[in-house]
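Here's the structure we're looking at; comments come further down.
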Amino acid sequence: MKETQFDRDIALEPISAGHYEVNISDTWNVLIGPNGGYVAAIILKGMKDTLGDVQTRSITFHFLSASLPGAANLHVNVEKRGRSLSTCTARLVQGERTIAMCMATFASARESFSFRDFNMPEVPGPEDIPLEQRMNPGLIGYVPFRDHFDQRLAIGPVPPDTADESRVGGWTRFKENREYDDLAIVAISDSWFPGLVVRDTPMPLHAPTIDHTVHFLTSVPIPSGGLDDFLLVDFTTSVAQEGYLIENGKIWSPEGYLIAQSRQLAVMLPKED
Numbered sequence: 644m645k646e647t648q649f650d651r652d653i654a655l656e657p658i659s660a661g662h663y664e665v666n667i668s669d670t671w672n673v674l675i676g677p678n679g680g681y682v683a684a685i686i687l688k689g690m691k692d693t694l695g696d697v698q699t700r701s702i703t704f705h706f707l708s709a710s711l712p713g714a715a716n717l718h719v720n721v722e723k724r725g726r727s728l729s730t731c732t733a734r735l736v737q738g739e740r741t742i743a744m745c746m747a748t749f750a751s752a753r754e755s756f757s758f759r760d761f762n763m764p765e766v767p768g769p770e771d772i773p774l775e776q777r778m779n780p781g782l783i784g785y786v787p788f789r790d791h792f793d794q795r796l797a798i799g800p801v802p803p804d805t806a807d808e809s810r811v812g813g814w815t816r817f818k819e820n821r822e823y824d825d826l827a828i829v830a831i832s833d834s835w836f837p838g839l840v841v842r843d844t845p846m847p848l849h850a851p852t853i854d855h856t857v858h859f860l861t862s863v864p865i866p867s868g869g870l871d872d873f874l875l876v877d878f879t880t881s882v883a884q885e886g887y888l889i890e891n892g893k894i895w896s897p898e899g900y901l902i903a904q905s906r907q908l909a910v911m912l913p914k915e916d
């Protein structure tokens with residue numbers, strides 16, 4: 644697989660068994676520190692480097708504090724190593740601060756029946772999305788890490804327009820063509836702007852993630868037509884209470900495979916000018 648800037652930015656330096664050093668890049672910054680999906684990909688890479696060739700099925704990240712660009716240490720512990728299912732935990736540390744904790748299960752595909760009670764959203768193809776609906780520095784919700792992606796809005800209104808529901812999404816891909824493995828999918832699962840952006844709220848808000856779970860329904864790398872394919876992402880925030888919200892997401896291949904589902908708990912904070 645061709646090495647991309649994403650791969651260089653999640654590269655790990657082994658120190659000892661299950662212990663890695665990483666340099667967190669500032670090119671993935673959002674409003675406060677580096678993007679959570681990018682940090683999550685770093686942690687997942689350490690787990691996979693520790694376990695070997697495994698298929699990610701479920702991974703949950705708890706973000707304790709915002710990370711900073713610069714050096715960090717990743718500690719991975721194999722809790723169970725089995726023939727078909729393994730479990731890891733991990734901790735990402737900067738200085739004396741624990742930035743994130745993670746637990747993941749890795750499991751191979753099994754023979755079984757399948758069903759799905761919902762379909763991939765019907766939206767215009769990525770080539771049919773007009774220029775004003777393509778993510779650029781002039782759009783609300785643009786932050787530096789979006790420079791790594793080609794994102795085209797196809798679900799929900801285009802900011803600053805608002806709607807009665809907090810549903811957003813569209814077509815996305817890395818600007819540098821890259822295989823869609825589990826590292827890429829974890830990064831993409833936290834790559835869109837939150838649905839709060841298109842909801843009429845009493846004040847401007849941002850929503851730092853508290854925890855983030857991704858469940859993989861399709862083995863990766865995905866059975867896709869090419870590295871330059873777009874994926875379709877669909878994120879809905881249908882509840883917010885007591886200062887917190889829950890966002891549910893789906894990630895689809897262009898052929899209609901449901902690759903993964905995600906779920907985040909985030910805190911709603913006033914956005915400072």
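Reading the sequence shown from the start, the letters are residues 644 to 916 in the working numbering. Each residue gets a CB set at the ideal place from its N, CA and C atoms; glycine is no exception. Fair warning: this is a prediction, and the values are worked out from it, not measured in the lab.
Where does the unbroken beta strand (DSSP E) through residue i begin, and where does it stop?
i	result
F649	Careful: F649 lies outside any beta strand (DSSP E), inside the alpha helix (DSSP H) at Q648 to D652.
P657	E656 to S659
K893	Y887 to W895
H855	T852 to F859
E664	H662 to I667
I798	F792 to I798
V910	L901 to V910
A883	L874 to Q884
S834	S834 -> no beta strand (DSSP E), and no H or E assigned at all.
R842	Element bounds for R842: n/a, residue is neither H nor E.
V863	Neither: V863 is in no beta strand (DSSP E) and is coded neither H nor E.
V811	S809 to F817
The alpha helix (DSSP H) that contains residue i, what's its start and end?
i	result
M690	G679 to L694
L601	As displayed, the chain neither begins before 644 nor continues past 916, which places residue 601 out of reach and without an answer.
Should residue i go down as buried or exposed, given a rule of 16 or more other Cβ atoms within 10 Å for buried?
i	result
E742	Per the sequence presented here, residue 742 reads as Ile, with Glu not at that position. The residue is buried, with at least 16 neighbouring Cβ atoms inside 10 Å.
V840	buried
K645	exposed
V682	buried
Quick one, which of the options has its alpha-carbon nearest residue i's?
i	options	result
R700	A797, T861, W895 and T879	T861
G738	R724, V719 and A715	A715
R734	V721, R726, N672 and L728	V721
I675	S708, G813, D824 and T693	S708
F702	H718, Y681 and C731	Looking at the sequence provided, one finds Ile at residue 702 rather than Phe. Nearest of H718, Y681 and C731 to I702, Cα basis: C731.
L655	L826, R753, D692 and F873	D692
Measure the C-alpha to C-alpha separation of residue i and residue j and round it to an integer number of angstroms.
i	j	result
E894	R821	Note that residue 894 is Ile in the sequence shown here, rather than Glu. Straight-line Cα distance between these residues: approximately 16 Å.
E915	S905	28 Å
P981	D843	Here the chain comprises residues numbered 644 to 916, so residue 981 is not present and cannot be evaluated.
D696	N666	24 Å
S727	A750	5 Å
S755	I783	44 Å
I772	A660	47 Å
A806	R795	18 Å
I831	V811	14 Å
T647	E664	19 Å
M778	Y785	7 Å
Does the Cβ of residue i lie closer than 7 Å to at least one heavy atom of the ligand ADP?
i	result
E754	For the ligand ADP, the structure offers nothing, since it holds no ligand at all.
Any alpha helix (DSSP H) of 4 or more consecutive residues that is wholly inside the region 688–771: Under the rule that a run must span 4 or more residues, no alpha helix (DSSP H) segment is found entirely inside the region 688–771.
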